[in-house]
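A short worksheet on the structure shown next.
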Amino acid sequence: MRKVIVLEFMTLDGVIQAGGGPDEDTSGGFAYGGWQVPYSDDVLGTVMKKQMSMPFDLLLGRKTFEIWEPYWPKHVDIWPGASTATKYVTSNTRTSSEWQPSVFLGGDIVEKISQLKQQEGPDLHVYGSANLVQTLMKHDLVDEFWLKIYPLTLGSGKRLFVDGPIPAAFKVTDSKVSPNGIIIVNYERAGAITTNTVSGSRHP
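Per our numbering, the very first residue in the sequence shown carries number 20; after that it's consecutive.
Here it is, written out as structure tokens:
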């Protein structure tokens, strides 16, 4: 069975939009593209190299795919895995691409992704793809989050957590803080939410 792993760069207020450059995604009038770049350091670089080098396929929303499609084929030396991985793209408008191997998923994407998870193969890594991630969380299809949380707030932009995620518990499987203050943390599902009371507390 394959896991769905969501890998995101995010601000303290949960923004995941256009961390890599000013022109990456200006939708909604977003003016802070490239916010993550000034914080890069060797610790983050080592983590990213490891994560980008492991076996994986990609699960991407159409907009993220179309940002990557003209870029990564020209930068195979930086990240060969992006080109060699099978790219599963959720879209009802695209059916093909010259960037191969790519498979387009239209129609009932929840059912199709559920079927993908049951197959043998490498885990499915999700980058960006804000709308797709909301669907995955709403339908309990996320197995792990690998997050890089940056020490800034933006106040606007596409966010990782908006209305719709199901209640779910997670546990930390790896964590560190980079010299520039990036919290690098991996979470995996840990069952259902449990509640309790603080010992000795008084309630009205």
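Heads up, the beta-carbon is just placed ideally off N, CA and C, and yes, glycines get one too.
Item: Can you tell me whether Asp76 is buried or exposed? The criterion is at least 16 other CB atoms within 10 Å of its CB, across all chains shown.; Value: buried
Item: Rounded to whole angstroms, what is the Cα-Cα separation between Asn215 and Trp91?; Value: 48 Å
Item: How big is the Cα-Cα spacing for Phe164 and Val25?; Value: 5 Å
Item: Identify, in the order they occur along the chain, each residue of the same chain with its Cβ nearer than 6 Å to the Cβ of Gln36, setting aside the five sequence neighbours on each side.; Value: Asp44, Phe49, Gly176, Lys177
Item: Is the CB-CB distance between Val191 and Asn205 below 8 Å?; Value: yes
Item: Are Arg21 and Gln138 touching if we call contact CB-CB under 8 Å?; Value: yes
Item: Could you check where the beta strand (DSSP E) with Met156 kicks off and where it finishes?; Value: First-last for Met156: 149–157, but that is the alpha helix (DSSP H), not the beta strand (DSSP E).
Item: Does the region 149–157 touch the region 118–127, meaning 3 or more C-beta pairs lie closer than 8 Å?; Value: no
Item: In this structure, what does DSSP give as the bridge partners for Tyr107?; Value: Leu78, Val122
Item: Given a threshold of 16 other Cβ atoms within 10 Å of its Cβ, counted over all protein chains shown, does Gly80 qualify as buried or as exposed?; Value: buried
Item: Does Phe84 pass the burial test, meaning 16 or more other C-beta atoms within 10 Å, or should it be called exposed?; Value: buried
Item: Say whether the region 157–172 touches the region 53–66, bearing in mind that this needs 3 or more beta-carbon pairs closer than 8 Å, one atom from each stretch.; Value: yes
Item: Quick one: any contact between the region 58–76 and the region 93–111, if contact means 3 or more CB pairs under 8 Å?; Value: yes
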